[in-house]
Ligand SMILES: [Zn+2]
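Numbering (the numbering used here), first residue to last: -3 to 132.
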């Protein structure tokens, strides 16, 4: 499963970062995911939880923020693709990609380029350290 290998990379990165900061617990994790990244957030969250079992990230909140692709045209136009348009296009990823790839610039009508929307980034990690505990 595609999501499992991504979840593993995220888990690995989270644990490394958390350990580097002397974390005793990972409380929250915010992930930015492009709408065109071919990744299912629910499956990713599920895989992450399976991997995190028994680790310091076991009870971490797994939050996924969806990022929309933007449209960029040679005429200078740059703008976000309407989320409503994406939703209405189709639930199927392949159709969505085909739809987005054929999008026209709203200014000049030429075929515009798609930028972004495929990213998968760990935006932030919230941890608790031994110091936090003694401070409480
Ligand atoms: Zn244009």
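Note that CB positions come from ideal geometry on N, CA and C, so glycine has one too.
In whole angstroms, give me the CA-to-CA distance for residue 57 and residue 72. Taking the first residue of the chain shown as 1, we reach residue 57 at position 61. Taking the first residue of the chain shown as 1, we reach residue 72 at position 76. Residue 57 and residue 72: Cα-Cα distance of roughly 40 angstroms.
If you draw a straight line from the C-alpha of residue 30 to the C-alpha of residue 16, how long is it? Translated into positions along the chain shown, residue 30 becomes position 34. Translated into positions along the chain shown, residue 16 becomes position 20. Residue 30 and residue 16: Cα-Cα distance of roughly 28 angstroms.
Assuming residue 10 contacts residue 117 under a Cβ cut-off of 8 angstroms, what Cβ separation, rounded to an integer in Å, is found between them? Within the chain shown, numbered from 1, the residue matching residue 10 stands at position 14. Within the chain shown, numbered from 1, the residue matching residue 117 stands at position 121. Going by Cβ atoms, the distance from residue 10 to residue 117 rounds to 12 angstroms, so no, they are not a contact pair.
Supposed contact pair residue 28 and residue 61 - C-beta distance, whole angstroms, cut 8 angstroms: If you number the chain shown from 1, residue 61 lands on position 65. If you number the chain shown from 1, residue 28 lands on position 32. Going by Cβ atoms, the distance from residue 61 to residue 28 rounds to 5 angstroms, so yes, they are a contact pair.
Would you mind sorting residue 20 into buried or exposed? The rule is 16 or more other CB atoms within 10 Å of its CB. On the chain shown, position 24 is the one that residue 20 refers to. Residue 20 is exposed by the Cβ-count criterion.
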